[in-house]
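Numbering (the UniProt record's numbering), first residue to last: 1 to 349.
Each residue gets a CB set at the ideal place from its N, CA and C atoms; glycine is no exception.
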């Protein structure tokens with residue numbers, strides 16, 4: 001009997017857990033990162049489901065698949081595993097992958113700062129890891145340029161009415177809306193309400209506002225919803241909740257809005273997209289710190305380094321920083337007679 005074995009390292013940043021697969025890159029085909037993302041979506045859904053679903057995973061878990069670099073100057077590439085599909089980029093998952101690669105010795109732990117280049121389907125990202133005694137104390141990421149495609153645009157959501165939104169790219173396209181306008185609060189006890197509103201928001205954005213990255217043809221739809229609200233306490237500039245769907249929500253199926261989970265962190269690419277909107281609104285200056293707080297109260301710190309352009313779009317280059325902690329080393333096993341060869345989910349998403 002042949003048993004498949006898959007090794008992984010679990011890491012969390014700001015409470016959001018990522019399962020880093022460092023020895024499965026040979027499964028991925030493609031000459032560039034967008035084609036590798038497409039390959040994963042067409043051929044490796046079994047791996048994503050196996051790693052993220054029960055009994056080996058759980059609904060709030062994300063992951064990253066480490067692959068060889070496509071650029072001569074890069075150290076490695078990653079494809080992101082989410083509960084609904086593979087994704088082009090994630091700031092928190094990239095921080096987790098950099099932490100795992102350095103702390104396990106896959107990359108040299110250069111003190112005081114290790115510079116790492118990572119290829120993603122959204123572009124090549126520079127990461128700077130602060131290292132002391134072999135431990136990664138912080139990972140700072142200079143993300144791909146972020147830009148706004150819609151400000152104060154109105155979407156029609158069944159049960160919620162017309163909601164003003166901003167839509168921006170921060171490594172993925174995010175639709176952003178005020179918690180107050182949706183009638184929800186960003187708090188752990190409001191998780192179900194946030195998930196429901198976020199799924200409805202995402203479904204409406206995909207149906208009513210097509211998007212297309214000017215330079216990356218594969219990035220052609222709104223990927224995630226972000227709900228935000230102001231923070232009264234010192235130490236953060238806003239609270240944000242990114243909803244991670246477990247399937248593909250549609251407006252015609254309100255029951256499907258109830259499935260999914262909340263990002264436990266404030267969201268890395270989401271923070272970049274939010275900063276792009278704040279800059280466009282005149283509420284954030286270049287070089288100014290922007291601290292986002294999660295539903296747990298954990299934070300990520302961002303800032304905008306400089307202005308640039310992406311095709312015809314005015315854009316900004318964001319930097320985000322956080323710290324990762326390794327929580328486990330795993331050797332997952334799949335026997336050929338396992339009744340759940342791709343795991344299982346109890347929700348209907």
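With respect to the 8 angstroms criterion, residue 302 and residue 277 are not classified as neighbours on the basis of their beta carbons. Residue 236 and residue 83 have their alpha carbons spaced roughly 28 angstroms apart. With at least 16 other beta carbons inside 10 angstroms of its own, residue 172 counts as buried. Of the residues assessed, residue 156 falls on the exposed side of the cut-off, its CB having fewer than 16 other CB atoms within 10 angstroms.
Nearest neighbour of residue 119 by Cα position, chosen from 260, 31, 266, 43, turns out to be 31.
Taking a C-beta distance under 8 angstroms as the contact criterion, residue 300 and residue 100 do not qualify as a contact pair. Where residue 71 is concerned, there is no enclosing beta strand (DSSP E), because DSSP gives it neither an H nor an E. The three-state secondary structure of residue 130, taken from DSSP, is strand.
Residue pairing by DSSP places residue 324 opposite 13 in a beta bridge. Under the three-state reduction of DSSP, residue 34 is assigned to helix. About 37 angstroms separates the Cβ atoms of residue 251 and residue 321, ruling out a contact at the 8 angstroms cut-off. Taking C-beta atoms under 8 angstroms as the contact rule, residue 343 and residue 57 qualify, at a distance of about 7 angstroms. For residue 249 and residue 109, the gap between their C-alpha atoms comes out near 42 angstroms. In the three-state scheme derived from DSSP, where H, G and I count as helix and E and B as strand, residue 271 is classed as helix. Across the set 253, 180, 265, the C-alpha of 265 shows the shortest separation from the C-alpha of residue 12. Residue state for residue 99 is assigned as helix, using DSSP reduced to three classes.
Minimum Cα-Cα distance from residue 144 among the listed residues 341, 305, 50, 334 corresponds to 305. A distance below 7 angstroms between beta-carbons, with the five flanking residues on each side excluded, links residue 179 to the following residues of its chain, in chain order: 185, 186, 227, 228, 229. Residue 93 sits buried, since 16 or more C-beta atoms from the chains shown fall within 10 Å of its C-beta. Put simply, the backbone Cα of residue 191 is about 16 angstroms away from that of residue 255. Residue 133 and residue 74 have their C-alpha atoms roughly 24 angstroms apart. In the DSSP assignment, residue 138 falls within the unbroken beta strand (DSSP E) covering 135-142.
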